[in-house]
Amino acid sequence: MNSITLDDVEDLALGAVVLGTGGGGDPYIAKIMLREAIAKHGPIEIVDATDLDPDGLLLPICMVGAPTVVVEKFPNGNEAARVLRALESHLGRTGVAVLPLENGGLNSLFPLVVAAELGLPCVDADAIRRAFPQIEMSLFTLAGLSSTPMTMADSMGNYVFFDSVDNATGEKLARACVAQMGMLAVVSAYAVTAGECARFGANGSLTYCLEIGRRIRAIQEGRPGAYAEFLRFCEAEILFTGKVADIERRTTGGWARGTITLIHLDDPRRAMRVEVQNENLIAFEDGEPKAMVPDLITLLDTETGTAMTTESVAYGQRLHVIAMPALPQWHTPEGLALAGPRAFGYDLDFTPIGGSR
């Protein structure tokens with residue numbers, strides 16, 4: 001893949017929701033923004049980090065906040081340029097490409113919009129290869145790279161600069177500001193070089209997202225064998241197929257939290273509970289964990305093949321609960337300490353699903 005065109009937007013969005021694991025924000029608004037950006041500026045150049053000057057500064061970008069808020073509160077279009085130009089000014093360097101900070105939900109598409117508007121290529125990589133709710137949950141943190149200097153702006157024109165003692169503190173400072181910014185802001189963190197991205201990042205993640213989206217579209221179009229091909233490509237498995245019987249949602253402390261309960265379609269004695277903090281974190285069947293972070297848990301509508309975001313799940317929906325393995329780096333002791341179940345407050349030993357990418 002060397003460019004993103006209008007023909008790619010829908011497939012990219014479909015894959016992004018799968019990798020968003022319920023979070024990352026509904027990409028609907030980002031799809032509109034991306035289509036307008038491509039129509040105005042043309043196809044967006046996609047580059048590998050290894051094709052850039054290894055000392056070249058990358059410009060990382062993402063939206064942070066509660067995914068449920070993005071449905072009603074939109075960016076004003078100026079936040080990204082402001083935080084990235086402020087980052088360049090602070091570092092005294094000019095960026096050579098835009099870098100998505102996470103691959104999931106609207107944060108797979110939004111960096112492409114920014115790249116088009118700035119006239120820069122976008123790197124085929126991210127820092128996670130899925131969505132995580134906390135800024136320090138990054139492969140760059142595992143590599144010992146700092147998340148700061150970090151710049152943040154909201155749609156009202158407020159701007160904040162952070163220089164924290166560690167990445168966990170940077171997350172706490174950012175989260176406090178996001179709560180005061182109406183639960184949505186644009187952030188630039190982890191000002192890495194192309195060489196650091198090539199060594200430590202999740203390279204090829206945009207291509208991976210697009211390929212997942214193409215397979216989801218094949219499911220939606222009813223192509224023979226499409227579901228099996230999707231599961232094969234993602235090394236995924238169907239944990240449970242049920243109907244949504246209960247949804248509990250709350251937005252607190254900068255997070256969209258909640259619990260989704262499903263009753264099995266064929267055996268009403270079986271129930272699955274999915275715990276949510278922006279993303280789907282753990283799937284329990286009758287109290288026993290069947291899948292958990294850092295592995296991915298995605299809910300797919302059994303009739304349409306649509307991957308569901310946290311805010312789009314509704315009573316009565318019939319859903320497949322899909323589990324996918326995270327990158328191997330997340331299965332290391334360091335990865336599990338940073339983004340395993342205990343990092344989210346669950347006293348559970350991590351149990352992986354089959355395989356790893």
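Every letter in the sequence shown is one number past the one before it in UniProt numbering, and letter 192, counting from 1, is 192.
The C-beta atom is built at its ideal place from N, Cα and C for all residues, glycine as well.
| Check | Outcome |
| --- | --- |
| Could you tell me whether the Cβ atoms of ALA116 and ILE44 are closer together than 7 Å? | yes |
| Check whether the region 218 to 236 and the region 137 to 154 are in contact - that is, three or more C-beta pairs closer than 8 Å. | no |
| How many Å lie between LEU34 and PHE110 at the Cα? | 7 Å |
| To the nearest angstrom, how far is the alpha carbon of PHE162 from that of ILE135? | 13 Å |
| When you compare only the Cα positions, how much space is there between ILE212 and GLY25? | 18 Å |
| Can you tell me which residues form a DSSP beta bridge with residue 381? | In the structure displayed, the chain extends from 1 to 357; residue 381 sits before or after that span and is not available. |
| Does MET33 come out as helix, strand or coil in the three-state DSSP assignment? | helix |
| With C-beta atoms as the reference, is VAL244 less than 7 Å away from LEU265? | no |
| Are the CB atoms of GLU279 and GLY105 within a distance shorter than 7 Å? | no |
| From the DSSP output, in three-state form, read off ASP11 for me. | helix |
| With a threshold of 16 other CB atoms inside 10 Å of the CB of ARG357, please say whether the residue is buried or exposed. | Interpretation of ARG357 is limited by its pLDDT of 38, a score under 50 that renders its predicted location unreliable; no figure is taken from the coordinates. |
| Looking at ILE353: is its Cβ nearer than 7 Å to the Cβ of ALA323? | yes |
| Beta-carbon within less than 6 Å of TYR315's beta-carbon, same chain only, minus the 5 sequence neighbours each way: which residues are those? | VAL244 |
| Can you say whether GLN180 is buried or exposed, counting buried as having 16 or more other CB atoms within 10 angstroms of its CB? | exposed |
| Measuring only the C-alpha atoms, how far is GLY157 from ARG175? | 18 Å |
| Measure how close the beta-carbons of ALA185 and VAL64 come, nearest whole angstrom, since I'm counting them as under 8 Å. | 6 Å |
| Fully enclosed by the UniProt domain "S-Me-THD N-terminal" (7 to 163), which beta strand (DSSP E) runs are 3 residues long or longer? | 44 to 47, 57 to 65, 95 to 100, 150 to 153, 159 to 162 |
| Within the same chain, show all residues whose beta-carbon is closer than 6 Å to that of GLU79, passing over the 5 residues directly before and after it, in chain order. | ALA153, VAL186 |
| Please say whether ALA49 and LYS31 have beta carbons closer to each other than 7 Å? | no |
| Please list the terminal residues of the continuous beta strand (DSSP E) segment that includes SER188. | 184 to 188 |
| Going by Cα to Cα distance, which pick from THR151, LEU118, SER108 is closest to ARG130? | SER108 |
| Between the Cα of residue 426 and those of GLN277, LEU52, ASP286, spot the shortest distance and give me the residue it belongs to. | With the chain covering only 1 through 357, there is no way to say anything about residue 426. |
| Taking the runs of the alpha helix (DSSP H) that are 4 residues or longer, which of them lie wholly in the region 318 to 354? | 333 to 339 |
| Give me, in chain order, the residues of the same chain whose beta-carbon lies closer than 6 Å to that of PRO54; leave out the 5 immediate sequence neighbours on both sides. | ALA194, GLY195 |
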